[in-house]
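Participant: Here it is: the structure, laid out below.
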Amino acid sequence: MKLLSYPFLFALVIISVSGTFDSINKDIVNKKIDRKVDISTQVVKISNKITLENGGSGAVKSFLLSLTKEEKDTLAYINVVTGGSSLKIAETKVQEFPDIFFYKVELKDALQPGKTVNVEVEMLLTHLLEAYPALIQQGEKQLVRYKGNHYVLTPYATTTQTTTVTLSSPNIENYSRLKPTSHTDTSITYGPYEGVAAFAVDPMSIHYENNSPFLTVTRLERVIEVSHWGNIAVEETIDVLHTGAKLKGSFSRYDFQREHNSYSSVKSFKTVLPASAKDLYYRDEIGNISTSHMRVLDDAVELDLRPRFPLFGGWKTHYKIGYNVPSYEYLYSSGDDYILKMRILDHVFDDVIVDELVLKVILPEGVRNIVIETPYPVEQLPDSLHFTYLDTVGRPVVTITKSNLVESHIQDFTLHYQFPAIIMLQEPLLVVVAFFILFITVILYVRLDLTLSKDDATEAKMRVSSHCELVHSHHDKRARLYEKLEEELQKLKSSKDVVQSQTATRKLFNSIRDETQVINDLAVKIRQDNVEYADKVSELQKVDKVIRDSVNQQLTNVEKLVAGKMSKQQYMEADGPLHKKKEEALEKTKNLLGNI
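With our numbering applied, the sequence shown covers 16 to 611.
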């Protein structure tokens, strides 16, 4: 697979390679760093514009980026650009700093001694903002806390650096100050700071109001089914969780509709689909959700999706969205060679975070020599088969997965494969053969006399055998219900929760009563053909009543014991005979079932 961009980075260093470790070139100076931190949404967006100067005597072809463990763990996307070109990035280590994570960046052109180069580092971090407080009332505003560093983490001395933090609201509870610091409306400026030492750290903390949607797609399964008959079907199964401050207390629909002051709740969100998308549907487990609105634009189709209920912190929703697109826009061919080029991920909503993405591409039956290329590293799972109508050996399914995605990951994958044109005739031929076999079968059926003489005795035995099998099946279900009653009895002894136990046992006894009634009905049907077996079933029911009464009495005794109405000694004396009586009945039941 092709690698176009690679995870995380935060600060920069020039390096020379030594064995399995890289070392820091201390002649390099950060002449100027202009950092912008956007924390106005749930995704932390950081942009560093850095001017690097080579103060050494030799040319430098690469430099390092460094970050803390927390920054690395929350990194979703990173890109380093110079002169409009993206640079290659690879993870590395520096032996002197085992607790700091480094990435090596290859320069497009070697940096000559005494020269400078401007690089821009863009990174997106997820799940870094902390809801503080973690629980809020329905009508409260959401406050979050951001923790970072007043300085850009770098192993170089920095001549001057400035940090500008963009907020979603001018309402700030408190923020850390490192002079010079200024606050204007929705931005805080730190610096400029002169002569900053290497690896300088000074904790930054900002506690502010942020009511932007904190929606996370915990899992997204995207299925693309390719047909060479002119259509590509796309279906996405999406689980969305509100990861903001959780709702404290109960939800009031009346207050929600009357006051409209649920600031952090999400009532709807906008999904963007390809411009050629058609036959759209939006549904959940209940059925179609009719509260969505579609708007067709020149370059896209916008869907305003409104879940069945507003999403508060800790609430989640599950839905499916699907559409069709014409294959000629995404599928290219030359002879038997085909190339499919489509998005790995659609625009689910603004500032989306996808914890887990599973992409499945279902190709036509008969495809071979499959190769997939992706613009960033993914994990490819073993290929599988998918069966649908008129399939014989199954359609190959290519599956890839990736975690922690954001909007910048909305890029195209390229899938190469070969498909002989003659296989296109397979499905039409299968239909012809199927109809031919059907017509021949009908012709033979109407011309052959397959009537058999009626044997009442044999039919009666078959009916009795079928009913007896059902008796065994329903008795097995009843026996499993008794086992659950025993479990409830033991649970009551330990938990002493009589109310919960009575609720559970009442349901179990109702289920036992239903199974018993079914067996009674079967006994009536058996008696019409065989009185002997019907009597055995009736005897089985009498023994089962003994078991049921014994279990019921045991439960009553345990409830008395738990309530203090019976001593432990009295309970033991009463339970012994009941247990023995139940065991004898179970043994008799086993014998009866063996004869039915």
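Ideal placement from N, C-alpha and C gives every residue a C-beta, glycine not left out.
Would R410 be called buried (16 or more neighbouring beta carbons within 10 Å of its own) or exposed?
Facilitator: With 16 or more other Cβ atoms within 10 Å, it is buried.
Participant: Do T131 and L193 have their beta-carbon atoms positioned less than 8 Å apart in this structure?
Facilitator: No, these two residues do not count as a Cβ contact at 8 Å.
Participant: At 3 residues or longer, what runs of the beta strand (DSSP E) sit wholly inside the stretch 188-222?
Facilitator: Qualifying beta strand (DSSP E) stretches, in chain order: 196-199, 202-211.
Participant: Looking only at its own chain, which residues have a Cβ that is under 6 Å from the Cβ of A600, when we skip the five neighbours before and after it?
Facilitator: Only V558, V561, I562 meet the Cβ criterion.
Participant: Residue range of the beta strand (DSSP E) that H362 falls in?
Facilitator: Element bounds for H362: n/a, residue is neither H nor E.
Participant: Count the C-beta pairs between the stretch 230-248 and the stretch 209-219 that are closer than 8 Å, then say yes if the count reaches three, no if not.
Facilitator: Not touching, per the Cβ criterion.
Participant: Pairing CB atoms from the stretch 114-131 with CB atoms from the stretch 69-82, are three or more of them under 8 Å?
Facilitator: Yes, the stretch 114-131 is in contact with the stretch 69-82.
Participant: Residue range of the alpha helix (DSSP H) that K293 falls in?
Facilitator: Not the alpha helix (DSSP H): K293 falls in the beta strand (DSSP E), residues 293-298.
Participant: Just tell me which of H487, T571, E547 has its CA closest to the CA of S516.
Facilitator: Of the candidates H487, T571, E547, the one whose C-alpha sits nearest the C-alpha of S516 is T571.
Participant: Can you list, in chain order, the residues of its chain whose CB lies under 6 Å from that of G337, leaving out five sequence neighbours each side?
Facilitator: Closer than 6 Å at Cβ, skipping near neighbours: E250, Y296.
Participant: Within 10 angstroms of its Cβ, does R493 collect 16 or more other Cβ (buried), or is it exposed?
Facilitator: Buried: at least 16 other Cβ atoms inside 10 Å.
Participant: Grouping DSSP H, G and I as helix and E and B as strand, with all else coil, what is L143?
Facilitator: Coil.
Participant: Taking all protein chains shown into account, decide if S20 is buried (16 or more other Cβ within 10 angstroms of its Cβ) or exposed.
Facilitator: Interpretation of S20 is limited by its pLDDT of 36, a score under 50 that renders its predicted location unreliable; the figure taken from the coordinates is listed afterwards. Answer is buried; the Cβ neighbour count reaches 16.
Participant: Take V316 as the anchor and find which of Q176, V340, V287, K540 has the nearest alpha-carbon.
Facilitator: The candidate whose alpha carbon is nearest that of V316 is V287.
Participant: Beta strand (DSSP E) containing T66: first to last residue?
Facilitator: That run of the beta strand (DSSP E) goes 59-69.
Participant: Taking all protein chains shown into account, do 16 or more other C-beta atoms lie within 10 angstroms of the C-beta of K595, making it buried, or fewer, making it exposed?
Facilitator: It counts as exposed.
Participant: For S33, does the count of other Cβ atoms within 10 angstroms reach 16, so buried, or fall short, so exposed?
Facilitator: Its pLDDT being 37, under 50, S33 is placed unreliably by the model, and nothing is read from it.
Participant: Mark R383 as exposed unless 16 or more other C-beta atoms lie within 10 angstroms of its C-beta, in which case mark it buried.
Facilitator: Exposed, since its Cβ has fewer than 16 Cβ neighbours within 10 Å.
Participant: By Cβ distance below 8 Å, which residues in the same chain neighbour L102 in space, the five residues on each side in sequence not counted?
Facilitator: Within the same chain, L102 has close Cβ partners V95, V96, V120, E121, L122, K123, V134.
Participant: Quick one: measure Cβ to Cβ for F364 and F327, integer angstroms, because I've assumed they're closer than 8 Å.
Facilitator: Incorrect: roughly 17 Å between the Cβ atoms, too far for contact.
Participant: To the nearest angstrom, how far is the alpha carbon of I368 from that of H487?
Facilitator: Looking at the two C-alpha atoms, the distance is approximately 53 Å.
Participant: Between which two residues does the alpha helix (DSSP H) holding A436 run?
Facilitator: Counting along the chain, A436 falls outside any alpha helix (DSSP H), and DSSP gives it neither H nor E.
Participant: In whole angstroms, give me the CA-to-CA distance for S38 and Q110.
Facilitator: Computed Cα separation, rounded: 8 Å.
Participant: By the 10 Å Cβ neighbour count, where 16 or more other Cβ atoms means buried, how is A91 classified, buried or exposed?
Facilitator: With 16 or more Cβ atoms within 10 Å of its Cβ, A91 is classed as buried.
Participant: Here's the rule I'm using: 16 or more other beta-carbon atoms within 10 Å means buried, otherwise exposed. How should D361 be labelled?
Facilitator: Answer is buried; the Cβ neighbour count reaches 16.
Participant: Which of the three DSSP states is assigned to D319 in this structure?
Facilitator: D319: strand per DSSP, three-state reduction.
Participant: Hey, is the stretch 296-312 in contact with the stretch 230-237, meaning 3+ C-beta pairs nearer than 8 Å?
Facilitator: Counting Cβ pairs under 8 Å, fewer than three are found: no touch.
Participant: Relative to the C-alpha of A436, which candidate in G350, I611, Y161, T252 has its C-alpha closest?
Facilitator: Checked all of G350, I611, Y161, T252; the closest Cα to A436 is G350.
Participant: Can you list, in chain order, the residues of its chain with a C-beta nearer than 7 Å to that of R321? Leave out the 5 residues immediately preceding and following it.
Facilitator: Cβ within range, chain order: K282, S283, T306, S307.
Participant: Could you have a look at E85 and say whether DSSP puts it in helix, strand or coil?
Facilitator: Note: E85 maps to helix in three-state DSSP.
Participant: From the DSSP output, in three-state form, read off N226 for me.
Facilitator: Reduced to three states, the DSSP call for N226 is coil.
Participant: So, are the CB atoms of I415 and V386 less than 8 Å apart?
Facilitator: Their beta carbons are not under 8 Å apart, which means I415 does not touch V386 by this criterion.
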